[in-house]
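First up is the structure itself, then whatever we jot down about it.
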Amino acid sequence: MKQTTLSKYVKLMRKQYRLTQIDLSEKSGVGLRFVRELEQGKPTLRLDKVNRVLNLFDSEVGAVPIVRDFENHD
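Offset between the sequence shown (1-based) and my numbering: plus 838.
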């Protein structure tokens, strides 16, 4: 699996808060396997569970506009 911005963010925040993956799993109420898959960049994850993890870091997943280069599209 390819690391994504989200996976890198979660891993960075977990380390800043000095949490193990087990700690993060327990505190957020998601399974350890989910935490591992999230940090590894699994492309399909349940959004509600992602937000449970992110809530520990005062964050949440939200819509972000995509900037497209329309000059290269015919």
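Quick reminder that beta carbons are idealized off the backbone N, C-alpha and C, glycines included. Owing to the predicted nature of the structure, the values given are computational and were not obtained by experimental measurement.
Look at the alpha carbon of residue i and the alpha carbon of residue j, and state the distance between them as a whole number of angstroms.
{"i": "leucine 862", "j": "aspartate 886", "result": "15 angstroms"}
{"i": "threonine 858", "j": "valine 902", "result": "29 angstroms"}
{"i": "valine 888", "j": "glutamate 898", "result": "8 angstroms"}
{"i": "arginine 884", "j": "aspartate 907", "result": "30 angstroms"}
Leaving out five residues on either side along the sequence, give the residues of the same chain with a beta carbon under 7 angstroms from the beta carbon of residue i.
{"i": "isoleucine 860", "result": "Leu870"}
{"i": "glycine 879", "result": "Met839, Lys840, Gln841, Thr842, Ser845"}
Within a Cβ cutoff of 8 angstroms, which residues of the same chain sit near residue i, ignoring the five residues on either side of it in sequence?
{"i": "arginine 890", "result": "Ser866, Gly867, Val868"}
For residue i, which option in the options has the closest C-alpha, if you only look at C-alpha atoms?
{"i": "methionine 839", "options": "Leu892, Thr882, Glu864, Arg856", "result": "Thr882"}
{"i": "tyrosine 855", "options": "Leu876, Val888, Leu892, Leu844", "result": "Leu892"}
{"i": "glutamate 875", "options": "Asp907, Leu844, Phe908", "result": "Leu844"}
Apart from the five residues on each side of it in sequence, which residues of its chain come closer than 6 angstroms, Cβ to Cβ, to residue i?
{"i": "valine 873", "result": "Gln859, Leu862, Ser863"}
Contained alpha helix (DSSP H) runs [length at least 4] in the segment 848 to 886, N- to C-terminal order: 859 to 866, 870 to 878
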